[in-house]
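A.B. asks:
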Amino acid sequence: MADAHPTPVPFRGGGFRPVRVRGVGIAVFVVLVALAEWGTRTGFISSLTLPRPSDVGATLIDLARSGMLWTHLVPSLTRLAVGSVLGVSAGIGVGVLIGLFSLIRAGLIPLVAALFPIPKIALLPLFVIWFGIDEGSKYALIALGTFTPTVVATYGAVDNVDRTLIRMGQSFGLRWWSIVRKIVLPGALPGILSGLRISVAIGIILLVAAEMLGAEYGIGAYILQAGALYDLERLFAGVVILSALGVATSAAIGWAERRLLAWRS
Amino acid sequence: MDLTLTDLSHRYGPLQVLDGVSLDIEHGRILCIVGPSGCGKSTLLRMIGGLERPSGGAVLQTGAVPAGCLNPLTFIFQDFALLPWRSVSGNVSLVLEDHGLNAQQKTEIIDDVLARTKLSEFREALPRQLSGGMKQRVAIARALAVNPAVMLMDEPLSALDAQTRELLMDDLVALWTRTPFTAVYVTHNLTEAVRLGHRIVVLSRRPGRIREIVEIDMPLADRRAGDPVLEAHQAHLWQLMRDEAVAADMELLNG
């Protein structure tokens with residue numbers, strides 16, 4: 169080298185690895201809301217385009233004070249819980265069967281692939297005939313919507329269970345049911361739980377769709393009424409509740425993951 | 026219980042991996058199987074343990090299974106095969122749970138094997154907290170728990186670093202000296218073979234056939250690294266394997 173002066177070797181590593189940065193998520197959210205508030209107050213954003221965030225907040229508080237929040241939230245949560253418990257448990261069951269038995273796999277994977285892309289909302293009129301206009305059709309819609317993604321996630325997770333662990337179980341003469349219960353199911357749990365995030369999000373979307381098509385109470389019905397009256401504050405209040413619901417379920421699954429999958433490094 | 030392999034052969038589709046292997050596995054001794062990579066030694070072991078069906082020939086067992094034996098043919102795997110969601114004692118307990126033992130019997134067995142493998146302090150540790158050597162000791166403890174008639178060890182030390190391997194070899198020798206067990210030990214490492222094998226079977230490259238069987242009379246406990254007799258055996262084995270290994274190395278995989 170022409171230059172005899174020693175220089176440190178330039179650093180070329182680093183990056184390409186997500187690091188946990190606290191507070192940024194909330195900061196982005198706060199900035200966006202503050203921007204909307206400032207825009208609507210100064211008239212930069214017309215009140216027909218976007219409601220003032222503080223008004224949306226006031227609407228939410230009114231809703232909670234009058235007790236109407238619970239009148240709408242309780243039926244919605246019940247529908248979501250019943251529908252997704254039905255869909256997710258059936259989905260895990262069928263997914264495990266597909267993962268374990270070649271015959272069932274051959275028979276059901278094409279069926280699941282055919283069911284998956286159907287917009288489930290399109291089937292609502294049919295469900296109303298099958299299960300009645302009341303809760304039955306709403307449960308069925310949410311159950312079917314959460315069923316297919318759960319099946320796909322579950323059999324994928326079962327396929328990905330470390331085969332050497334299953335060989336080990338067989339080599340020690342473990343019973344078939346023991347291998348399934350103690351090796352396959354715990355090994356598939358990480359994949360099943362991450363599938364659950366998607367399933368529950370789909371469940372919330374379908375919940376609102378079902379309530380828009382025929383319900384007196386429920387977040388979906390509330391949003392539909394607000395939209396019909398062009399009441400943007402109430403519409404956005406409903407949307408905020410849905411977002412909160414999504415964040416809450418995601419946090420609940422995250423909590424379950426931390427508890428059940430503490431063995432992962 | 027004794028095992029006899031008669032004219033064992035195996036093919037994966039058109040690919041012949043084992044050809045006419047006949048062998049007696051003697052009670053209370055360690056039989057090492059060495060050979061170049063891809064010679065079918067692990068396949069042979071899996072067939073002995075009933076995890077794979079041979080295309081020809083048979084593995085025959087004669088005589089009664091020893092008393093208190095829960096799983097006559099027991100594997101120790103190269104990658105440990107521990108359940109990551111179970112603690113050390115949970116992993117040992119796994120293989121006892123299907124045998125109708127009561128809680129006290131299970132605890133006694135677990136305490137005993139963990140003491141023999143020097144793991145008593147780590148009962149509640151999870152596999153991710155353990156070093157490679159410790160993980161393999163857990164796998165050895167698990168194998169001892171079912172009191173096997175024959176231990177089938179598939180390159181048990183190959184995933185470990187050289188120092189750990191040395192320590193674990195000492196542990197295995199100590200375990201065998203205390204209570205001699207029957208084992209088939211597959212390895213590509215000739216040092217391990219001459220330290221642990223009473224009899225060493227050299228397989229040729231694919232299709233694997235028995236090239237030679239070497240007997241080493243020296244007691245396991247007297248064998249030390251660098252012992253001239255062992256070095257001579259090792260040099261002899263390497264001579265046998267060298268050409269095969271070179272040829273095997275030049276072959277295309279699945280060619």
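Chain order of the listed sequences is A and B. 373 is the number that the working numbering gives to position 205 of the first sequence; each next residue is one higher, with no gaps. 207 is the number that the working numbering gives to position 182 of the second sequence; each next residue is one higher, with no gaps. From the three backbone atoms N, C-alpha and C, an ideal C-beta is built for every residue, glycine too.
Does the beta carbon of L364 of chain A come closer than 7 Å to any beta carbon on chain B?
C.D. replies: Within the first sequence, numbered from 1, the residue matching residue 364 of chain A stands at position 196. No, because no Cβ of chain B sits closer than 7 Å to the Cβ of L364 of chain A.
A.B. asks: Figure out for me which residue from B:L28, B:T31, B:P39 and B:C64 has the closest Cα to the Cα of V211 of chain B.
C.D. replies: The residue you call residue 211 of chain B lines up with position 186 of the second sequence. For the residues B:L28, B:T31, B:P39 and B:C64, the minimum Cα distance to V211 of chain B belongs to B:C64.
A.B. asks: Could you tell me the alpha carbon to alpha carbon distance between G280 of chain B and A273 of chain B, rounded to whole angstroms?
C.D. replies: If you number the second sequence from 1, residue 280 of chain B lands on position 255. If you number the second sequence from 1, residue 273 of chain B lands on position 248. Residue placement at G280 of chain B is poorly supported in this model, since its pLDDT is 47, which falls under 50; the coordinates still yield a value, given next. Rounded to the nearest angstrom, the two C-alpha atoms are 11 Å apart.
A.B. asks: Count the other CB atoms within 10 Å of the CB of H124 of chain B; is the residue buried (16 or more) or exposed (fewer)?
C.D. replies: The residue labelled residue 124 of chain B in the question sits at position 99 within the second sequence. Exposed, since its Cβ has fewer than 16 Cβ neighbours within 10 Å.
A.B. asks: Could you tell me which residues DSSP pairs with A83 of chain B in its beta bridges?
C.D. replies: In the second sequence, counting from the first residue as 1, residue 83 of chain B sits at position 58. B:T31.
A.B. asks: Taking only beta-carbon positions, decide if M380 of chain A is within less than 7 Å of chain B.
C.D. replies: Locating residue 380 of chain A in the first sequence gives position 212, counting from the first residue. No, M380 of chain A does not count as interfacial toward chain B.
A.B. asks: So which of A:L361, A:L375 and A:F269 has the shortest CA-CA distance to E303 of chain A?
C.D. replies: Counting from 1 along the first sequence, the entry for residue 303 of chain A is found at position 135. Of the listed residues, the one whose Cα sits closest to E303 of chain A is A:L375.
A.B. asks: Along the segment 81-103 of chain B, where does the CB come closer than 8 Å to a CB of chain A? Name the residues.
C.D. replies: The residues in question are L95, N96, L98, T99, F100 and F102.
A.B. asks: Quick check on DSSP: helix, strand or coil for R78 of chain B?
C.D. replies: Taking the first residue of the second sequence as 1, we reach residue 78 of chain B at position 53. Coil, per DSSP.
A.B. asks: Do V219 of chain B and H258 of chain B have their C-beta atoms closer together than 7 Å?
C.D. replies: Within the second sequence, numbered from 1, the residue matching residue 219 of chain B stands at position 194. Within the second sequence, numbered from 1, the residue matching residue 258 of chain B stands at position 233. Cβ distance < 7 Å, so V219 of chain B and H258 of chain B count as in contact.
A.B. asks: Measuring CA to CA, which of A:I391, A:G371, A:I372 and A:I370 is closest to M380 of chain A?
C.D. replies: Position 212 of the first sequence, counted from the start, is the residue given in the question as residue 380 of chain A. Answer by Cα proximity: A:I391.
A.B. asks: Thinking C-beta only, is Q103 of chain B closer than 7 Å to D195 of chain B?
C.D. replies: Stepping through the second sequence from its first residue, residue 195 of chain B is reached at position 170. Stepping through the second sequence from its first residue, residue 103 of chain B is reached at position 78. No, they are not a contact pair.
A.B. asks: I need the DSSP call for D366 of chain B, collapsed to helix, strand or coil.
C.D. replies: With chain B covering 26 to 280 only, the question about residue 366 of chain B has no answer from this structure.
A.B. asks: At a cut-off of 6 Å, is L228 of chain A close to the ligand SAH when judged by its beta-carbon and the heavy atoms of the ligand?
C.D. replies: This structure lacks the ligand SAH, and indeed carries no ligand of any kind.
A.B. asks: What distance in whole Å lies between the Cβ atoms of I372 of chain A and L271 of chain A, which are believed to be in contact at a cut-off of 8 Å?
C.D. replies: Translated into positions along the first sequence, residue 271 of chain A becomes position 103. Translated into positions along the first sequence, residue 372 of chain A becomes position 204. Rounded, the Cβ-Cβ distance is 35 Å, inconsistent with contact.
A.B. asks: Can you check whether the C-beta of G267 of chain A is within less than 7 Å of a C-beta belonging to chain B?
C.D. replies: Start at 1 with the first residue of the first sequence, and residue 267 of chain A comes out as number 99. No - not a single Cβ of chain B is within 7 Å of the one on G267 of chain A.
A.B. asks: Restricting to runs no shorter than 4 residues, where is the alpha helix (DSSP H) found entirely within the segment 347-431 of chain A?
C.D. replies: Fully enclosed alpha helix (DSSP H) runs of 4 or longer: 353-381, 387-396 and 400-428.
A.B. asks: Measuring CB atoms only, is the segment 282-294 of chain A touching the segment 310-322 of chain A, in the sense that at least three cross pairs come out at less than 8 Å?
C.D. replies: Cβ pair count under 8 Å is three or more, so yes.
A.B. asks: Along chain A, in chain order, which residues have C-beta atoms closer than 8 Å to that of L76 of chain B?
C.D. replies: Within the second sequence, residue 76 of chain B is the residue found at index 51, counting from 1. Per Cβ cutoff of 8 Å: R335, Q338 and S339.
A.B. asks: Taking only the alpha-carbon atoms, compute the straight-line gap between C94 of chain B and V171 of chain B and give it to the nearest angstrom.
C.D. replies: What you label residue 94 of chain B is simply residue 69 of the second sequence in a count that begins at 1. What you label residue 171 of chain B is simply residue 146 of the second sequence in a count that begins at 1. Distance between the alpha carbons of C94 of chain B and V171 of chain B is about 6 Å.
A.B. asks: If G82 of chain B sits next to D32 of chain B, beta carbons under 8 Å apart, how far is it from one beta carbon to the other, in whole angstroms?
C.D. replies: For this step, residue 82 of chain B is matched to residue 57 along the second sequence. For this step, residue 32 of chain B is matched to residue 7 along the second sequence. Between D32 of chain B and G82 of chain B the Cβ distance is about 4 Å, and since that is below 8 Å, they are a contact.
A.B. asks: Residues of chain B with CB closer than 9 Å to the CB of S252 of chain A, please, in chain order.
C.D. replies: Along the first sequence, read from residue 1 onward, the residue named residue 252 of chain A stands at position 84. By Cβ distance, chain B contributes nothing, its closest Cβ being about 25 Å from S252 of chain A, past 9 Å.
A.B. asks: Consider the Cβ of V219 of chain B: report whether some Cβ of chain A lies at a distance smaller than 7 Å.
C.D. replies: For the purposes of this step, residue 219 of chain B is taken as residue 194 along the second sequence, with counting starting at 1. With 7 Å as the cut-off, V219 of chain B does not count as an interface residue toward chain A.
A.B. asks: If we define contact as Cβ-Cβ less than 7 Å, is S244 of chain A a contact residue for chain B?
C.D. replies: Numbered from 1 along the first sequence, position 76 holds the residue referred to as residue 244 of chain A. With 7 Å as the cut-off, S244 of chain A does not count as an interface residue toward chain B.
A.B. asks: Cα separation between L342 of chain A and G225 of chain A?
C.D. replies: One-based indexing of the first sequence puts residue 342 of chain A at position 174. One-based indexing of the first sequence puts residue 225 of chain A at position 57. Going by the C-alpha atoms only, they are around 59 Å apart.
A.B. asks: Given this structure, state the Cα-to-Cα distance separating L182 of chain B from L193 of chain B, to the nearest angstrom.
C.D. replies: Taking the first residue of the second sequence as 1, we reach residue 182 of chain B at position 157. Taking the first residue of the second sequence as 1, we reach residue 193 of chain B at position 168. C-alpha separation (whole angstroms): 8 Å.
A.B. asks: Among the residues of its own chain, which have a CB less than 6 Å from the CB of F404 of chain A, if the five just before and after it don't count?
C.D. replies: Residue mapping note: residue 404 of chain A aligns to position 236 of the first sequence, counting from 1. Here the set comprises P219 and V224.
A.B. asks: Measuring CB atoms only, is the segment 352-363 of chain A touching the segment 237-245 of chain A, in the sense that at least three cross pairs come out at less than 8 Å?
C.D. replies: The segment 352-363 of chain A, when compared against the segment 237-245 of chain A, does not touch it at the 8 Å Cβ threshold.
A.B. asks: For I125 of chain A and L361 of chain A, which I take to be in contact (beta-carbon distance under 8 Å), what is that distance rounded to the nearest angstrom?
C.D. replies: Outside the shown range of chain A (169 to 433) lies residue 125 of chain A, about which nothing can therefore be said.
A.B. asks: Contact check, V117 of chain B vs A184 of chain B under 8 Å by CB: the rounded distance?
C.D. replies: Your numbering for residue 117 of chain B matches position 92 in the second sequence. Your numbering for residue 184 of chain B matches position 159 in the second sequence. That belief does not hold up - the Cβ atoms of V117 of chain B and A184 of chain B are roughly 20 Å apart, past 8 Å.
A.B. asks: On a Cα-Cα basis, can you pick out the residue from B:F100, B:L119, B:T142 and B:T68 that is closest to I351 of chain A?
C.D. replies: Counting from 1 along the first sequence, the entry for residue 351 of chain A is found at position 183. Here the closest residue by C-alpha is B:L119.
A.B. asks: How about D123 of chain B: is its C-beta nearer than 7 Å to some C-beta of chain A?
C.D. replies: Numbered from its first residue, the second sequence carries residue 123 of chain B at position 98. It does: the Cβ of D123 of chain B has a partner Cβ on chain A nearer than 7 Å.
A.B. asks: Using the DSSP secondary-structure output, state which residues sit across from G157 of chain B in a beta bridge.
C.D. replies: Numbered from 1 along the second sequence, position 132 holds the residue referred to as residue 157 of chain B. None, per the DSSP bridge assignment.
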